[in-house]
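All you need for the numbering used here is the position in the sequence shown, starting with 1, plus 5. From the three backbone atoms N, C-alpha and C, an ideal C-beta is built for every residue, glycine too. Heads up, the thing below is written out as structure tokens.
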Amino acid sequence: MTDVTMEKIVSLCKRRGFIYPGSEIYGGLSGTWDYGPLGVELKNNIKSLWWKMFVQEREDMYGMDAAILMHPKVWEASGHVVGFSDPLVECTKCKRRYRMDQVVSPPAGGCPECGGSFGEVRQFNMMFKTHIGAAEDEASISYLRPETAGGIFVNFKNVVDSFHPKLPFGIAQIGKAFRNEIAPRDFLFRVREMEQMEIEYFVRSEEWEKSFEDWRAECTRFIEMVGIPRASVHELEVPDGERAHYSRRTIDFEFDFPFGRKELLGLAYRTDFDLSAHAKASGVDISYLEEGGERIVPHVIEPSFGVDRTILALLVSAYTEDELGGEPRTYLKFNPAVAPVKAAVFPLLKNKPELVKKAREVYELLKLETRNSNLGAIAWDDNGNIGKRYRRQDEIGTPSCITIDFQTLEDNTVTVRDRDTGEQERFLVKEILSAIHGQ
Ligand code: ATP
């Protein structure tokens with residue numbers, strides 16, 4: 006079995022252009038990472054699969070994209086200004102700061118780095134503050150949203166007024182969220198700027214348990230669909246006292262990361278907490294009119310997926326070391342649906358114009374198909390010997406490599422090589438698409 010370490014993942018991601026440290030030439034900026042050319046393809050594939058599955062393929066879901074900057078009252082009403090904080094402790098000797106609930110040794114045991122004693126525990130609010138407009142005073146304070154959910158709740162009435170949906174229905178959003186984490190760490194796992202894919206699913210209060218179970222199954226369906234093995238994911242019922250301030254029930258879906266079993270996504274029953282709080286704070290009636298004429302405040306089930314943690318779980322799951330043709334190799338065994346490059350096209354030899362010309366034709370054909378079928382990115386590579394090209398594509402997880410050789414010029418067939426087995430099969434050019442789709 007492959008020994009997957011974070012060092013191996015981080016190094017492959019940087020070397021091959023998936024993910025770079027944020028602001029690297031200035032020494033980096035803690036808690037930020039930049040997605041490079043392959044990382045952004047991977048990320049877009051995940052987001053678009055999620056959007057297809059949860060928005061486009063359902064009749065009870067509405068998508069949206071709200072502003073990141075919101076009225077500060079949103080975060081007062083939602084309880085984030087008062088309650089969205091982590092316990093912070095500082096070592097009195099070396100001044101290192103820790104999130105108290107994450108320090109391995111109990112506070113009495115002292116600083117894990119220098120053994121110094123801890124100062125007082127204080128609550129540290131994780132929202133990033135900023136100022137709107139030219140005046141930097143109390144009245145101009147705003148926050149970068151700490152979760153995308155806020156944008157959904159404040160638009161609940163808008164969506165109801167425009168579409169008159171029947172309960173139950175949901176509103177979904179993908180977007181950036183910001184948290185001033187005390188101790189960002191573990192690569193993409195705990196960052197200060199992240200992306201979330203969230204659904205607020207509105208139900209009648211008496212239906213919440215059924216809906217919670219439905220979404221529990223849907224979370225697993227998505228995890229499996231992107232290619233995270235079910236056996237690496239474990240549900241944790243979050244006990245009383247440890248849930249977020251708005252939640253009456255939460256299940257964390259945890260993944261076996263190399264640094265331990267940690268939360269990948271969360272499923273929460275937020276009751277009518279948010280809609281009621283926003284109705285009260287804004288003075289606007291955001292209740293829902295039932296067909297019988299009764300006004301109710303719907304309750305909410307919230308599946309909240311982290312894009313970055315999903316990417317990390319996928320990288321960890323896909324990272325494989327094996328031997329092929331007697332040589333060791335490293336490759337990413339991505340599900341083809343998320344692979345940043347779906348197929349690569351090679352002319353067998355770079356210095357044979359007739360091969361290059363034919364390979365270019367195949368490449369153009371595939372790109373055109375990609376546009377029509379939303380297949381994804383196709384790569385071109387004519388550099389170095391063919392074995393090296395295969396290895397380069399393996400390392401970034403490309404499921405299929407298509408090689409144009411002398412036989413292609415005679416019978417219009419190409420070889421399609423499979424990433425996982427290294428086996429090659431000949432197909433007619435017109436059959437390539439079904440060959441790679443069938444992967
Ligand atoms: P944790 O306990 O690990 O801090 P959380 O319980 O605060 O996480 P939620 O508020 O439930 O997280 O956020 C929903 C999802 O957003 C998480 O399951 C995770 O995928 C993602 N997420 C939250 N905080 C971060 C972060 N700092 N970096 C990356 N992803 C995050």
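Coil, strand or helix - residue i by DSSP
i           : result
residue 72  : coil
residue 406 : strand
residue 444 : Model confidence at residue 444 stands at a pLDDT of 48, short of 50, so the residue's coordinates are unreliable; what they give is reported in the following sentence. The answer is coil: DSSP assigns residue 444 none of H, G, I, E or B.
residue 7   : coil
residue 197 : coil
residue 331 : coil
residue 181 : strand
residue 24  : strand
residue 139 : coil
residue 2   : This structure gives no information on residue 2, because the portion of the chain shown stretches from 6 to 444.
residue 42  : helix
residue 18  : helix
residue 96  : strand
residue 31  : helix
residue 90  : strand
residue 240 : strand
Cα-Cα separation between residue i and residue j, rounded to whole angstroms
i           : j           : result
residue 23  : residue 269 : 20 Å
residue 373 : residue 380 : 10 Å
residue 68  : residue 426 : 40 Å
residue 30  : residue 37  : 13 Å
residue 104 : residue 200 : 22 Å
residue 26  : residue 293 : 46 Å
residue 330 : residue 349 : 21 Å
residue 194 : residue 312 : 10 Å
residue 310 : residue 340 : 19 Å
residue 216 : residue 184 : 29 Å
residue 12  : residue 266 : 18 Å
residue 424 : residue 441 : 11 Å
residue 445 : residue 394 : Missing from the structure shown is residue 445; the chain here goes from 6 to 444 and no further.
residue 46  : residue 21  : 13 Å
residue 298 : residue 60  : 29 Å
residue 169 : residue 389 : 60 Å
residue 385 : residue 351 : 6 Å
Beta-bridge partners of residue i, as assigned by DSSP
i           : result
residue 176 : 67, 205
residue 255 : 273
residue 336 : 325
Residue nearest to residue i in terms of C-alpha spacing, selected from the options
i           : options            : result
residue 279 : 207, 59, 195       : 207
residue 101 : 87, 120, 84        : 120
residue 252 : 129, 185, 272      : 272
residue 209 : 357, 277, 236, 192 : 277
residue 375 : 361, 325, 437      : 437
residue 148 : 78, 190, 171, 382  : 78
residue 365 : 403, 45, 407, 396  : 407
residue 53  : 412, 439, 178      : 178
residue 124 : 131, 116, 130      : 116
residue 71  : 155, 393, 324      : 155
residue 345 : 99, 240, 73, 403   : 403
residue 415 : 363, 197, 32, 139  : 363
For residue j and residue i, believed in contact at Cβ under 8 Å, the rounded distance
i           : j           : result
residue 291 : residue 174 : Incorrect: roughly 15 Å between the Cβ atoms, too far for contact.
residue 159 : residue 176 : Residue 159 to residue 176, Cβ: 11 Å. No contact.
residue 182 : residue 151 : 6 Å
residue 382 : residue 338 : Residue 382 to residue 338, Cβ: 18 Å. No contact.
residue 320 : residue 343 : The pair is not a contact, with the Cβ atoms about 10 Å apart (cut-off 8 Å).
residue 223 : residue 275 : Actually they do not touch by this definition, with Cβ atoms about 17 Å apart.
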